[in-house]
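Student: One structure, pasted below without further comment.
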Amino acid sequence: MIQRTHIRTNFLIVIIGLGVVLCGCTQLDRLPSVTLSDVQNVSVLGIADARFYPERNAKEIEALALKVYERQLKSRDRSARTGSAGPAHFLVISGGGDNGAFGAGLLVGWSERGNRPQFDLVTGISTGALTAPFAFLGPEHDSTLRELYTQITPGDVFTKRDLFAAVNNDAMADTSPLRSMIARYLDQSMIEKIAREYEKGRLLLVATTNLDQGRPVIWNIGAIAESKHPGARDLIMKVLLASAAIPGAFPPVMFDVEIDGKPHQEMHVDGGAMAQAFLYPSSLRLKRLSQRNKITRKRIAYIIRNGRPFKDEESVKRQTLSIAAQAISTMTASSGMNDTYRIYLTAKRDGIDFNLAFIDDGFTVPYKEPFERGYMQSLFNYGYQKGLAGYPWKKTPFGYTE
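Going by the numbering used here, the first residue of the sequence shown is number 172, and it counts up by one from there.
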């Protein structure tokens with residue numbers, strides 16, 4: 172989710188103000204939503220393990236964890252002979268809008284340093300979801316990451332709607348340009364590469380928020396790619412677009428589904444509405460699962476927070492809408508920090524080595540406007556230099572001492 176105060180404040184002021192004045196305006200039609208009790212009756216293109224509800228699919232998530240481990244054993248000849256798949260490396264990429272340039276730069280610099288591991292698990296939300304497929308497939312896609320986060324302009328992401336069109340529609344902006352950009356980079360060849368890596372036991376997970384239910388949904392991109400379903404590529408593009416769909420600012424993504432032969436729709440928005448970052452559902456007790464199945468391996472998690480520990484300071488106008496918008500922006504930033512604590516506690520419980528990176532006070536370039544190229548290039552280069560020099564990973568969340 173975009174955390175820049177300037178973006179959020181402007182959208183919220185307009186949305187709150189117009190929502191009060193024009194609440195009787197036209198609304199877009201949609202099909203009936205899916206209730207939480209009907210979730211188990213919904214099939215996503217008939218693909219097994221396509222997605223999970225963390226609080227409802229604990230057993231299925233455990234089964235997937237064992238399945239990918241078995242695939243790893245089969246795909247690594249040397250490890251298969253020793254009965255171990257070797258160390259596991261996890262990568263978590265948070266939301267953060269144009270601040271995603273930091274994480275992209277860090278990854279590219281890390282590659283050039285020469286010690287960036289191949290990640291067994293990559294997770295992403297919002298801008299992290301857009302970065303995740305390229306990080307998952309490895310350094311050969313670093314040039315794409317560089318291009319995405321140093322060459323784009325606001326027009327590559329969204330087009331503004333006029334005031335009344337925005338109120339009568341489902342968002343303040345149209346993200347058709349972003350969808351076109353996703354389609355341009357996520358071609359069929361890339362889908363096939365993701366499928367092959369999933370066959371080897373590697374996971375690429377992206378989170379969205381089912382707004383009808385107020386629940387997070389974790390999508391297994393590898394399983395969707397491996398299915399070879401004719402609609403797989405389109406579904407993956409919709410998931411990535413949904414994960415970056417800031418509610419009110421960008422349009423939600425509607426997923427057409429059927430229940431007992433009757434058409435329904437799910438409304439999905441930015442995964443950051445629920446969390447800015449995730450490692451895996453805390454219901455998965457990985458250490459206990461490993462002990463039960465006699466699996467012994469070292470696990471290392473790297474968390475890239477595309478933001479600062481706290482939101483940027485700003486002189487707030489003594490005005491109702493400004494105060495409300497700034498408070499919401501502050502809560503969003505705090506939620507992102509809380510996610511690092513949640514991930515840390517899960518990692519500590521399961522014996523995973525915790526490593527955290529974030530934008531620190533060393534980056535001082537002023538922010539001007541959303542997706543301003545000069546700002547993103549500077550931030551990318553800042554992250555790149557950090558990765559090239561060897562990022563000093565933090566072993567605990569910001570402000571926490573053992």
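For each residue, glycine too, the CB sits at the ideal point set by N, CA and C.
Here's the rule: buried if 16 or more other CB atoms are within 10 angstroms of the residue's CB, otherwise exposed. What is V192?
Tutor: Below a pLDDT of 50, predicted positions are generally treated as unreliable, and V192, at 46, falls in that range; no measurement from the model is reported.
Student: Give me the residue from V428, K458, L412 with the minimum Cα distance to P422.
Tutor: Per the Cα distances, L412.
Student: Is it buried or exposed, M502, if we count other Cβ atoms within 10 angstroms and call 16 or more buried?
Tutor: Exposed: under 16 other Cβ atoms inside 10 Å.
Student: Any idea if L203 is buried or exposed, counting beta-carbon neighbours within 10 angstroms, 16 or more meaning buried?
Tutor: The identity of residue 203 in the sequence shown is Pro, whereas the question assumes Leu. Classification for P203: exposed.
Student: Around the Cβ of S297, are there at least 16 other Cβ atoms within 10 angstroms (buried) or fewer (exposed)?
Tutor: When all chains shown are included, S297 counts as buried.
Student: Can you grab the Cα-Cα spacing for the pair F569 / M408, in whole Å?
Tutor: C-alpha separation (whole angstroms): 34 Å.
Student: Let's test the definition: count the other Cβ atoms within 10 Å of the Cβ of T180 and tell me whether it reaches 16, buried, or not, exposed.
Tutor: Only weak support exists for where T180 lies, its pLDDT of 45 falling under 50; the coordinates are left without a value.
Student: Is I392 helix, strand or coil by DSSP?
Tutor: Residue state, collapsed to three classes: helix.
Student: So what's R249 in DSSP terms, helix, strand or just coil?
Tutor: Note that R249 has pLDDT 49, beneath the 50 cutoff, so the model's placement of it is unreliable and the number below is only indicative. Note: R249 maps to helix in three-state DSSP.
Student: Assign M508 to one of three DSSP states: helix, strand, or coil.
Tutor: It is helical.
Student: Straight-line CA distance for T511 to A448?
Tutor: Spanning the two alpha carbons is a distance of roughly 8 Å.
Student: State the DSSP-derived secondary structure class of V192, mapped to helix, strand or coil.
Tutor: At V192, the pLDDT of 46 sits below 50, so the modelled position is not reliable and the matter cannot be decided from this model.
Student: Do the segment 342-356 and the segment 255-267 meet, that is, are 3 or more Cβ pairs less than 8 Å apart?
Tutor: Verdict: no, contact absent.
Student: Given 8 Å as the limit, is there contact between the segment 230-240 and the segment 436-447, that is, 3 or more CB pairs closer than that?
Tutor: Contact fails: fewer than three Cβ-Cβ distances are below 8 Å.
Student: Just to confirm before moving on: does the CB-CB distance between V210 and A472 stay below 8 Å?
Tutor: No, these two residues do not count as a Cβ contact at 8 Å.
Student: So F525 is in the beta strand (DSSP E); what residue range does that whole segment cover?
Tutor: Residues 524-529.
Student: Any contact between the segment 280-290 and the segment 490-509? By contact I mean 3 or more CB pairs, one from each, below 8 Å.
Tutor: Result no; under three Cβ-Cβ pairs closer than 8 Å.
Student: Of all the options D220, E397, L199, L319, which has the alpha carbon lying nearest to the alpha carbon of E543?
Tutor: Looking at the Cα atoms, L319 is the closest of the given residues.
Student: Relative to the C-alpha of W281, which candidate in E573, R479, T567, L559 has its C-alpha closest?
Tutor: W281 has its Cα closest to that of L559, out of E573, R479, T567, L559.
Student: Pick helix, strand or coil for L292, following the three-state DSSP scheme.
Tutor: Reduced to three states, the DSSP call for L292 is strand.
Student: Hey, I362 and L375 are a contact pair by Cβ (cut 8 Å); roughly how many whole angstroms apart?
Tutor: Actually they do not touch by this definition, with Cβ atoms about 11 Å apart.
Student: Give me, in chain order, the residues of the same chain whose beta-carbon lies closer than 7 Å to that of T302; leave out the 5 immediate sequence neighbours on both sides.
Tutor: Closer than 7 Å at Cβ, skipping near neighbours: I264, G271, G274, A275, G295, L316.
Student: Expressed to the nearest angstrom, what Euclidean distance is found between the alpha-carbon atoms of M547 and F529?
Tutor: Going by the C-alpha atoms only, they are around 15 Å apart.
Student: So is L545 buried or exposed if we call it buried at 16+ other beta carbons inside 10 Å?
Tutor: Here residue 545 is Gly; the residue named in the question, Leu, does not match the sequence. Answer is exposed; the Cβ neighbour count stays below 16.
Student: I'd like the span of the beta strand (DSSP E) that includes E437, first residue to last.
Tutor: 433-441 is the span of the beta strand (DSSP E), which, as asked, contains E437.
Student: Quick one: give me the first and last residue of the alpha helix (DSSP H) that Y562 is part of.
Tutor: Where Y562 is concerned, there is no enclosing alpha helix (DSSP H), given that its DSSP letter is neither H nor E.
Student: Would you kindly check if the distance between the Cβ of H435 and the Cβ of T380 is under 8 Å?
Tutor: It is not a contact, given that the beta carbons lie outside the stated cut-off.
Student: Apply the 10 Å Cβ neighbour rule to S500 and answer buried if 16 or more other Cβ atoms are within range, or exposed otherwise.
Tutor: S500 is buried by the Cβ-count criterion.
Student: E283 to E311, Cα distance in whole Å?
Tutor: Their backbone Cα atoms lie some 11 Å apart in a straight line.
Student: Taking 7 Å as the cut-off, is the C-beta of T572 nearer than that to any heavy atom in the ligand ADP?
Tutor: Although the ligand ADP was asked about, the structure shown includes no ligands whatsoever.
Student: Where does I232 fall in DSSP's three states?
Tutor: In this structure, I232 counts as helix in the three-state DSSP scheme.
Student: Considering just the uninterrupted stretch of the alpha helix (DSSP H) at R404, what are its terminal residues?
Tutor: Looking at the DSSP string, the run of the alpha helix (DSSP H) that includes R404 is 403-414.
Student: Measuring CA to CA, which of G309, A366, A229 is closest to L460?
Tutor: Among G309, A366, A229, the Cα nearest to that of L460 is on A229.
Student: Name the two residues that bound the continuous beta strand (DSSP E) containing I575.
Tutor: Nothing can be reported for residue 575: it is not among the residues displayed for the chain, which extend from 172 to 573.
Student: Look up P541 in the DSSP assignment and say whether it is helix, strand or coil.
Tutor: Residue state, collapsed to three classes: coil.
Student: Using a Cβ-Cβ cut-off of 8 Å (strictly less than) and excluding sequence neighbours within five positions of I187, which residues of its own chain qualify?
Tutor: Because I187 sits at a pLDDT of 47, beneath the cut-off of 50, its placement in the model cannot be relied upon, and the following sentence gives the value as read from the coordinates. L492, A495, A496, listed in sequence order.
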